[in-house]
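For reference, the structure is listed below as C-alpha cells.
There are 2 protein chains.
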Amino acid sequence: MDYTINPIGYISSSIKDRETAPKMEDENGAVRAVITINADVSEGLDGLKEGDWIELITWFHESKRDTLKVHPRGKKELPQRGVFSTRSPFRPNPVGLHRVQIVAIEGNRLEVEPLEAIDGTPVVDIKPFPKKFKGKLKDLNE
Amino acid sequence: MDYTINPIGYISSSIKDRETAPKMEDENGAVRAVITINADVSEGLDGLKEGDWIELITWFHESKRDTLKVHPRGKKELPQRGVFSTRSPFRPNPVGLHRVQIVAIEGNRLEVEPLEAIDGTPVVDIKPFPKKFKGKLKDLNE
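Protein chains in written order, with this note's numbering: chain A, 7 to 148; chain B, 7 to 148.
Below, the structure is given as C-alpha cells:
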C-alpha cells in the first residue's frame with residue numbers, strides 16, 4: 007500500500023510563519039488566501055464555483071509528528087490532552103482541515119476565506135461541503 | 007519533505023466491499039463500526055469521551071488515484087464533474103472525511119456511528135468537531 011500524499015497545490019497567504027499564525031479554534035487572524043492547484047490535476051476543479059463552501063485538507067509542513075499530548079491552543083495553564091482530542095497541528099499525520107468559501111476562481115487559482123494557514127502550505131484535497139450543511143453554514147460561521 | 011501517511015489505526019465494519027458500500031451523500035447504509043487505534047499512538051486519544059462527535063480522516067485504500075472526473079454518486083445520467091467538486095473516493099489523494107459520534111470508548115477501541123467505510127480502511131487522523139458546530143450537529147444530521 008502506497009500512503010504517499012502528492013500535494014495537489016499550494017497556499018499563498020499573508021501569514022508567513024507559525025509564530026504569527028492564529029491558534030486554531032480562534033477566528034481572529036484568518037485571512038483571504040490564494041490556492042494554486044497544480045496544472046496536472048486542475049481538471050478536478052470542474053464544477054466548483056464562486057460562493058461555494060469547501061472543505062480543504064492541508065499538510066502542516068512545519069509540524070512535528072512525534073507529539074501525542076499538547077496543551078490545548080498552546081495555553082500552558084490548560085492541562086495536556088491527547089492530540090486527537092485537539093486540533094493542534096502537531097499530530098502523527100499532520101493534516102489540517104479548514105472550511106472556507108471560494109470568493110473567486112480563475113483557471114487553477116482559487117481565492118478563499120477565511121483561512122488560517124501558513125504561506126506555502128501544501129494542499130492535500132478539496133471536497134465540497136456536504137449537502138446537509140448547505141444553507142446552515144453561514145449561521146455556523148457567525 | 008516527507009509526505010508519507012502512517013495509519014494511526016484501522017476500521018472494522020460490516021461493510022465488506024465497495025460494491026455494497028453506500029454512495030457518499032446518501033445516509034442509508036451507514037453503520038456502527040469499530041476503530042482500533044495503534045498502541046504506539048493511543049495516548050493521543052486522551053480527552054475523547056463517549057458522546058463526542060469527531061471528524062475522522064481515512065485513506066480510501068481501494069481507490070484509483072488517477073481519476074479527475076466522475077459521474078456524481080456514480081450516476082451515469084449525471085454529467086461528469088471534477089473530483090474536487092464531489093466526495094468521490096476516486097481522487098488524487100484518496101482521503102475520506104467522516105463525521106461520527108463516539109458511542110463507546112475503551113482503551114484504544116472506539117465504537118462510532120454512523121460510518122460509511124469499508125472494513126479494513128486505514129485511519130489517518132481524528133479531530134474533535136469544532137466548537138462552533140457544537141449543539142448544532144444533531145440538527146444537521148437529522
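Glycine included, every Cβ here is placed at the ideal spot set by N, Cα and C.
Remember, it's a predicted structure, so these values are computed and weren't measured experimentally.
Buried versus exposed, by CB contacts within 10 Å (16 or more), residue i
| i | result |
| --- | --- |
| A:Lys55 | exposed |
| B:Thr10 | exposed |
| B:Asp32 | Reliability of the predicted coordinates at B:Asp32 is poor, the pLDDT of 49 falling under 50, and no value is obtained from them. |
| A:Glu148 | Interpretation of A:Glu148 is limited by its pLDDT of 38, a score under 50 that renders its predicted location unreliable; no figure is taken from the coordinates. |
| A:Val109 | exposed |
| A:Arg105 | buried |
| A:Pro98 | buried |
| A:Leu84 | exposed |
| A:Asp8 | exposed |
| B:Arg24 | exposed |
| B:Ser91 | buried |
| A:Lys20 | A small correction: the amino acid at residue 20 of chain A is Ser; Lys does not occupy that position in the sequence shown. Its Cβ having fewer than 16 others within 10 Å, A:Ser20 is exposed. |
| A:Lys22 | exposed |
Separation of residue j from residue i, as counted between CA atoms
| i | j | result |
| --- | --- | --- |
| A:Ala39 | A:Ile14 | 16 Å |
| B:Tyr16 | A:Leu116 | 34 Å |
| B:Gly102 | A:Gln86 | 28 Å |
| B:Val89 | B:Lys81 | 14 Å |
| A:Thr64 | A:Asn12 | 11 Å |
| A:Ala45 | A:Thr73 | 35 Å |
| A:Leu62 | A:Glu49 | 17 Å |
| A:Ile124 | A:Val37 | 10 Å |
| A:Ser151 | A:Arg79 | For chain A, the structure presents residues 7 to 148; residue 151 of chain A sits outside this window and is missing. |
| B:Gly126 | A:Gly53 | 32 Å |
Assumed close pair residue i, residue j - CB separation to whole angstroms, cut-off 8 Å
| i | j | result |
| --- | --- | --- |
| A:Gln107 | A:Glu122 | Actually they do not touch by this definition, with Cβ atoms about 14 Å apart. |
| A:Ile60 | A:Phe135 | 6 Å |
Own chain, CB closer than 8 Å to residue i, minus 5 neighbours either side, in chain order
| i | result |
| --- | --- |
| A:Leu51 | Ile43, Ile111, Asn114, Leu116, Ile132 |
| B:Val130 | Ile11, Pro13, Ile14, Ile63, Thr64, Trp65, Val101 |
7 Å CB neighbourhood of residue i in its chain, flanking five on each side removed
| i | result |
| --- | --- |
| A:Lys70 | Phe96 |
| B:Pro128 | Pro13, Tyr16, Thr64, Trp65, His67 |
| A:Val47 | Ile14 |
Contacting residues, own chain, Cβ-Cβ under 6 Å from residue i (five flanking each side not counted)
| i | result |
| --- | --- |
| B:Asp58 | Ile108 |
| A:Ser94 | Val76 |
Report task. Identify each residue in the region 108-126 of chain A for which the Cβ-Cβ distance to at least one residue of chain B is less than 7 Å, and report them in chain order. Result -> none
Query raised in the report: For the region 63-86 of chain A, which residues have a CB atom closer than 7 Å to at least one CB atom of chain B, in sequence order?
Result: Ile63, Trp65, His67, Leu74, Lys75
Requested in this report: Compile a chain-ordered list of the residues in the region 38-54 of chain B whose CB is closer than 7 Å to at least one CB of chain A.
Outcome: Val47, Glu49, Gly50, Leu51, Asp52, Gly53, Leu54
Query - Residues in the region 88-101 of chain A having any Cβ partner in chain B nearer than 9 Å - result: Gly88, Val89, Phe90, Ser91, Thr92, Arg93, Arg97, Pro98, Asn99, Pro100, Val101
Query raised in the report: Taking any Cβ of chain A, which residues in the region 7-24 of chain B have a Cβ under 8 Å from it, in chain order?
Result: Met7, Tyr9, Thr10, Ile11, Asn12, Pro13, Ile14
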